[in-house]
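Beneath this line is the structure, given in structure tokens, with notes to follow.
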Amino acid sequence: DAKTTQPPSMDCAEGRAANLPCNHSTISGNEYVYWYRQIHSQGPQYIIHGLKNNETNEMASLIITEDRKSSTLILPHATLRDTAVYYCIVRVAPSGNTPLVFGKGTRLSVIA
Amino acid sequence: GAVVSQHPSWVICKSGTSVKIECRSLDFQATTMFWYRQFPKQSLMLMATSNEGSKATYEQGVEKDKFLINHASLTLSTLTVTSAHPEDSSFYICSARDPASGLDNEQFFGPGTRLTVL
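Which chain is which? The protein sequence lines are A and B, in order.
According to my numbering, the first sequence is numbered sequentially starting from 183.
According to my numbering, the second sequence is numbered sequentially starting from -12.
Here it is as structure tokens:
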């Protein structure tokens, strides 16, 4: 799986958009970009994933650059409950026995 | 989405005792489950892959005789920390993928078990 680079921490004001960047310059053509988050003392939670096109769901939007070497996770209106560590993971589409490998992630603090 | 549960959510034990942690897929069958360990302020580290009906596959540096994994059924995997010591104190998390959910779907994680060894 390709390596990802994320800033160690970010702050965001409550109600504002949180934009979390991720660099994955060695991504291969068949690798997806996945985002998970982990709220303190809980298991990770899936947020969104994409291959080439931008994606949006009820939680967030994922913007992938045209060359696919970087992406941005956008939480449109951050709340205090979005305070968590956000992990960007690049991997091929999962089969049954391929685990997720986590990097260090970005610790997002949403401030009132 | 699919639900993965863990039991217990936390456990405190004395040094030298063994502790069993259960991971269950509640509404799907999982032939494969994964066990992770997370120390404070660190990321999740994969410990092993649990395969139903066969032996687990351990990551390098993880002692298979210390961390016993049994995947007894398609909905249950157990991790037993044998002869626990304070350095085994950690947050243990399991995950599973619902194979019926789609080709590139997400993996579902349990809520984690916090183990404290005194």
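Even glycine gets a Cβ: it sits at the ideal position worked out from N, Cα and C.
Range of the contiguous beta strand (DSSP E) that encloses residue i
{"i": "glutamine 94 of chain B", "result": "It is not in any beta strand (DSSP E) - glutamine 94 of chain B carries neither H nor E in the DSSP assignment."}
{"i": "serine 203 of chain A", "result": "This sequence places proline at residue 203 of chain A; serine is not what is there. Taken as a continuous stretch (DSSP letters only), the beta strand (DSSP E) holding proline 203 of chain A covers 200 to 205."}
{"i": "glutamate 213 of chain A", "result": "213 to 220"}
{"i": "serine 5 of chain B", "result": "Looking at the DSSP string, serine 5 of chain B is not in any beta strand (DSSP E), and its letter there is neither H nor E."}
{"i": "asparagine 38 of chain B", "result": "32 to 38"}
{"i": "valine 104 of chain B", "result": "100 to 104"}
{"i": "glycine 232 of chain A", "result": "227 to 232"}
{"i": "alanine 83 of chain B", "result": "77 to 83"}
{"i": "arginine 24 of chain B", "result": "19 to 25"}
{"i": "valine -2 of chain B", "result": "-3 to 0"}
Beta carbon proximity, residue i to chain B, threshold 7 Å
{"i": "lysine 286 of chain A", "result": "yes"}
{"i": "proline 190 of chain A", "result": "no"}
{"i": "proline 203 of chain A", "result": "no"}
{"i": "leucine 257 of chain A", "result": "no"}
{"i": "glycine 225 of chain A", "result": "yes"}
{"i": "leucine 290 of chain A", "result": "no"}
{"i": "leucine 262 of chain A", "result": "no"}
Residue environment, residue i, which counts as buried when at least 16 other CB atoms sit within 10 Å
{"i": "aspartate 249 of chain A", "result": "exposed"}
{"i": "leucine 13 of chain B", "result": "exposed"}
{"i": "arginine 84 of chain B", "result": "buried"}
{"i": "tryptophan 217 of chain A", "result": "buried"}
{"i": "histidine 58 of chain B", "result": "buried"}
{"i": "leucine 202 of chain A", "result": "buried"}
{"i": "histidine 206 of chain A", "result": "buried"}
{"i": "alanine 17 of chain B", "result": "buried"}
{"i": "histidine 231 of chain A", "result": "buried"}
{"i": "arginine 263 of chain A", "result": "exposed"}
{"i": "aspartate 52 of chain B", "result": "exposed"}
{"i": "phenylalanine 26 of chain B", "result": "exposed"}
{"i": "serine 2 of chain B", "result": "exposed"}
{"i": "proline 226 of chain A", "result": "buried"}
{"i": "leucine 105 of chain B", "result": "exposed"}
{"i": "glycine 211 of chain A", "result": "exposed"}
CB contact check: residue i to chain A, cutoff 7 Å
{"i": "leucine 90 of chain B", "result": "Residue placement at leucine 90 of chain B is flagged as unreliable, the pLDDT there being 49, under the threshold of 50; a coordinate-derived value is accordingly withheld."}
{"i": "leucine 55 of chain B", "result": "no"}
{"i": "glutamine 16 of chain B", "result": "no"}
{"i": "proline 98 of chain B", "result": "yes"}
{"i": "serine 77 of chain B", "result": "no"}
{"i": "lysine 28 of chain B", "result": "no"}
{"i": "leucine 33 of chain B", "result": "yes"}
{"i": "glutamine 47 of chain B", "result": "no"}
{"i": "isoleucine -1 of chain B", "result": "no"}
{"i": "serine 8 of chain B", "result": "Serine is not the amino acid found at residue 8 of chain B; the sequence shown has isoleucine there. No, isoleucine 8 of chain B lies away from the interface with chain A (no Cβ there is under 7 Å from its Cβ)."}
{"i": "valine 104 of chain B", "result": "no"}
For residue i, the residue or residues it bridges with in DSSP
{"i": "asparagine 57 of chain B", "result": "B:Thr65"}
{"i": "alanine 266 of chain A", "result": "A:Leu290"}
{"i": "isoleucine 271 of chain A", "result": "A:Tyr216"}
{"i": "leucine 244 of chain A", "result": "A:Glu237, A:Leu255"}
{"i": "serine 12 of chain B", "result": "B:Val(-9)"}
{"i": "serine 191 of chain A", "result": "A:Arg289"}
Cβ of residue i within 7 Å of any chain D Cβ
{"i": "leucine 244 of chain A", "result": "As a matter of chain content, chain D is missing from the structure shown, whose protein chains are A and B."}
Supposed close pair residue i, residue j - CB separation, criterion 8 Å
{"i": "arginine 24 of chain B", "j": "leucine 63 of chain B", "result": "Contact flag wrong, Cβ pair sits at about 19 Å."}
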